[in-house]
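When the letters of the sequence shown are read in order and numbered with the numbering used here, they come out as residues 7 to 520.
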Amino acid sequence: MITLTGISKAFNGIPALTDVSLHVAPGSIHGLLGENGAGKSTLMNILFGLAQPDAGTIAVAGTSVRIASPRAARALGIGMVHQHFKLVPTLSVLDNLALATLSGVGAFDRAALARRVAGIVAPLGWKLDLAALVGGLSVGAQQRVEIVKALVGAAVPDGAGRTGAPRALILDEPTAVLAPQEVEALLPAVRALAAQGTAVVFISHKLVEVEQLCDAVSVLRRGRLVHSGSLPGPSRAELAERMIGGAVALPERTPQPAPDSAAELLTMRAVTVVGAGPGARPLLDRVTLMVRAGEIVGIAGVDGNGQEELVQALLGLLAIQAGEVRTAVPLRRLGVIPGDRQEEALVLALPISANLQLKTYGDAPSSRHGWLDRGAWQDHARRLIAAFDVRSSGPQQPVAALSGGNQQKVVLARELACDPPAVVAVNPTRGLDLGATAAVLDRLVAARARGAAVLLIHSDLDELLRVSDRVLVMEGGRLVDSGWPACDRAAIGRLMLDADASAPSASVSAAAPR
């Protein structure tokens, strides 16, 4: 049993948690829900030794403990998989796993560790290529490596002296970066882990996954516990209301493709990009794409099928071997929401105010006669923090100190507040709570309504279909038109697995610029 009692924590005098208690039984899966900034990650960081509570106690297996560090947590049999991966991309899978077990400098028994890993992954139904470089793995495979690393580091001896399963595993938004098919593969493994006796804490914004997976659920709102109980219990709508404090509705609309006369703002014609090395397959295979003013064009697909290369080619960041790329909007005026906020969109050490100025610091009123106007920066930041509901201590708070969802809100505020004529958004709601997700989708629909061209690349098919006027599917570097809205969700799912499976020839030409 993992028991947290009366946990309170404040940062710079601002409460993050107030008198929160949580009990997770062995062999159970406990869902932890809440808005961005509700305190979920803070509570779990305290359990994992990354932060210390101002008040409250922690007990493991009935014994009161002080968890001073992640090493102390692992020694107690507690592992954590963070929302943002903590892997070294230039090392092999086995070497990354070794980092969870080594306490000093020196060699390790590679064969012994490989046998230990085999024993861990077998009950989960997984296979890992221990020699593969982590940087070359798919997002789903990297997620599996993260989970196995946590299991290796936190494993505790069983009664026979063998290495057993951890007492507890914290999964912080484990499905946020996964495509639907990868989620379907992950959830049975989590159930198998619980069946071995591990207490699992499952942090998620996706209520359908919590309903499918969890035995109990706790809900935080503004740092306070507002619900805790077994599942099935409250309905999905009731849980959402407890998270947000009121009803939330995602946008519902009828697709309306732009007329042929609308301006073509983003265009790719037969673009080919070939990977490095002899015999490499095309990363983009004769991709043709057009997004007109006043429409949202969605691109569905399992991550790793060319979406990243498509965006890089469109933005001029990747050399193409054939074809043509045209943007009728200056790149500086594009609203770009990249797929990895920490690596591609934010300077984590800088404050919120500076991150909000990364594109406009040289323009009035941010700069006057060549001098930066810090007062204008602060005023601008305060307006956007309020408009986009960034939960923070103020404009000077470093972005690194924000939750993942609030970091995403900073990116969205910078890229969308200036009403760009065209928007390229990659998984813009990843890591966002229900209320923030609804707000982001509403902003994309509003951008379309004022005449912007919106290219939405999204691994959440349900959200994509809610707002897209046309839907294309990316698979194996190829881009085909699904025929949406004349087709159904199942047909798009089949195309995501095999672009040749049911691509309507007439629909392919509909996506091609004339």
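Cβ coordinates follow ideal geometry from the N, Cα and C atoms, glycine included.
Own chain partners of residue i with C-beta closer than 8 Å, once the 5 adjacent residues on each side are dropped
{"i": "GLU301", "result": "GLN262, PRO263, ALA264, ALA268, ARG454, ALA459, VAL460, ASP475, ARG476"}
{"i": "ASP504", "result": "GLU481"}
{"i": "ARG456", "result": "ASP425"}
{"i": "ALA2", "result": "A query on residue 2 cannot be resolved here, the shown segment of the chain reaching from 7 to 520 and no further."}
{"i": "THR107", "result": "PHE114, LEU119, VAL158, GLY159"}
{"i": "HIS90", "result": "GLN348, GLY410"}
Residue i versus the options, residue with shortest Cα-Cα distance
{"i": "SER241", "options": "VAL451, VAL223, ILE20, ARG228", "result": "VAL223"}
{"i": "GLN414", "options": "VAL99, ALA22, ALA442, ILE305", "result": "ALA442"}
{"i": "LEU290", "options": "GLN89, MET480, VAL123, VAL30", "result": "MET480"}
{"i": "VAL277", "options": "ALA286, GLU270, LEU271, LEU295", "result": "LEU295"}
{"i": "LEU359", "options": "ALA419, GLN149, ALA328", "result": "It should be noted that the sequence gives Ser, not Leu, for residue 359. Minimum Cα distance to SER359 is reached at ALA419."}
{"i": "ALA117", "options": "LEU105, LEU136, GLY437, GLY131", "result": "LEU136"}
{"i": "PHE54", "options": "ALA147, PRO172, ALA201", "result": "PRO172"}
{"i": "GLY43", "options": "ASP379, GLU349, ARG230", "result": "ARG230"}
{"i": "ILE343", "options": "ARG500, ASN18, PRO426, PRO371", "result": "PRO426"}
{"i": "SER210", "options": "HIS36, LEU462, PHE394", "result": "HIS36"}
{"i": "ALA65", "options": "ALA31, ILE8, HIS90", "result": "ILE8"}
{"i": "ASN18", "options": "GLY45, GLY410, SER399, ASP448", "result": "SER399"}
{"i": "GLU258", "options": "ARG472, PRO32, CYS493", "result": "ARG472"}
{"i": "GLY310", "options": "ALA106, PHE208, GLU215, GLY146", "result": "GLY146"}
{"i": "ALA174", "options": "GLY125, ALA393, SER34", "result": "SER34"}
{"i": "ILE391", "options": "PRO371, GLY376, ASN361", "result": "ASN361"}
Close beta carbons around residue i, own chain, < 6 Å, minus the five adjacent residues each side
{"i": "GLY345", "result": "VAL432, ASN433"}
{"i": "PRO491", "result": "PRO261"}
{"i": "LEU470", "result": "GLY304, ALA306, HIS464"}
{"i": "GLY341", "result": "GLU421, LEU422, PRO426, VAL429"}
{"i": "SER236", "result": "ALA222"}
{"i": "ALA182", "result": "ARG436, GLY437"}
{"i": "SER144", "result": "GLY310"}
{"i": "VAL335", "result": "LEU271, PRO427, ALA428"}
{"i": "GLU188", "result": "GLY146"}
Where the alpha helix (DSSP H) containing residue i begins and where it ends
{"i": "MET50", "result": "46-53"}
{"i": "ARG484", "result": "Run containing ARG484: none in the alpha helix (DSSP H); it sits in the beta strand (DSSP E), 484-487."}
{"i": "ILE498", "result": "495-503"}
{"i": "GLU421", "result": "410-422"}
{"i": "ASP441", "result": "The sequence shown places Gly at residue 441, not Asp. Start and end: 440-455."}
{"i": "VAL2", "result": "Any property of residue 2 remains undetermined from this structure, which presents the chain solely from 7 to 520."}
Coarse secondary structure for residue i, derived from DSSP in three states
{"i": "ILE463", "result": "strand"}
{"i": "ALA174", "result": "strand"}
{"i": "LEU130", "result": "helix"}
{"i": "ALA428", "result": "strand"}
{"i": "ARG197", "result": "helix"}
{"i": "ARG476", "result": "strand"}
{"i": "VAL140", "result": "helix"}
{"i": "GLY125", "result": "helix"}
{"i": "VAL206", "result": "strand"}
{"i": "GLU481", "result": "strand"}
{"i": "VAL189", "result": "helix"}
{"i": "VAL405", "result": "helix"}
{"i": "LEU226", "result": "strand"}
{"i": "VAL216", "result": "helix"}
{"i": "ALA276", "result": "strand"}
{"i": "LEU364", "result": "coil"}
{"i": "GLY167", "result": "Legend: pLDDT at GLY167 = 44, less than 50; position of this residue unreliable, value from coordinates given subsequently. DSSP places GLY167 in coil when its eight states are reduced to three."}
{"i": "GLU469", "result": "helix"}
Residues near residue i by beta carbon distance below 7 Å, same chain, minus five either side
{"i": "THR11", "result": "SER27, GLY62, THR63"}
{"i": "THR48", "result": "LYS15, ALA22, LEU23, ALA57"}
{"i": "PRO288", "result": "THR278, VAL279, VAL280, GLY483"}
{"i": "ASP369", "result": "none"}
{"i": "LEU324", "result": "VAL279, GLU315, GLN318"}
{"i": "PRO129", "result": "ALA198, GLN202"}
{"i": "VAL417", "result": "ILE343, ARG347, ALA351, LEU352"}
{"i": "ARG228", "result": "ALA44"}
{"i": "ILE126", "result": "VAL154, LEU157, VAL158"}
heavy atom of the ligand GDP below 8 Å from residue i C-beta
{"i": "ASP135", "result": "For the structure depicted, the ligand GDP is absent and the ligand set is empty, with no information on it obtainable."}
Delimiting residues of the beta strand (DSSP E) encompassing residue i
{"i": "PRO21", "result": "20-30"}
{"i": "LYS15", "result": "8-17"}
{"i": "GLY381", "result": "Segment 380-393 is the alpha helix (DSSP H) holding GLY381; no beta strand (DSSP E) there."}
{"i": "LEU38", "result": "35-40"}
{"i": "ALA246", "result": "Unbroken run through ALA246 is the alpha helix (DSSP H), 242-250; no beta strand (DSSP E)."}
{"i": "ILE64", "result": "61-66"}
{"i": "SER70", "result": "69-71"}
CB contact check: residue i to chain C, cutoff 9 Å
{"i": "GLU469", "result": "The chain inventory of the structure shown lacks chain C, comprising one protein chain alone."}
Quiz prompt | beta strand (DSSP E) segments (min. 3 residues) lying fully within the stretch 281-359 | solution = 288-298, 301-306, 328-333, 341-343
Quiz prompt | beta strand (DSSP E) runs wholly inside the stretch 75-118, at least 3 long, in chain order | solution = Within the stretch 75-118, the complete beta strand (DSSP E) segments of 3 residues or longer fall at 84-87, listed in chain order.
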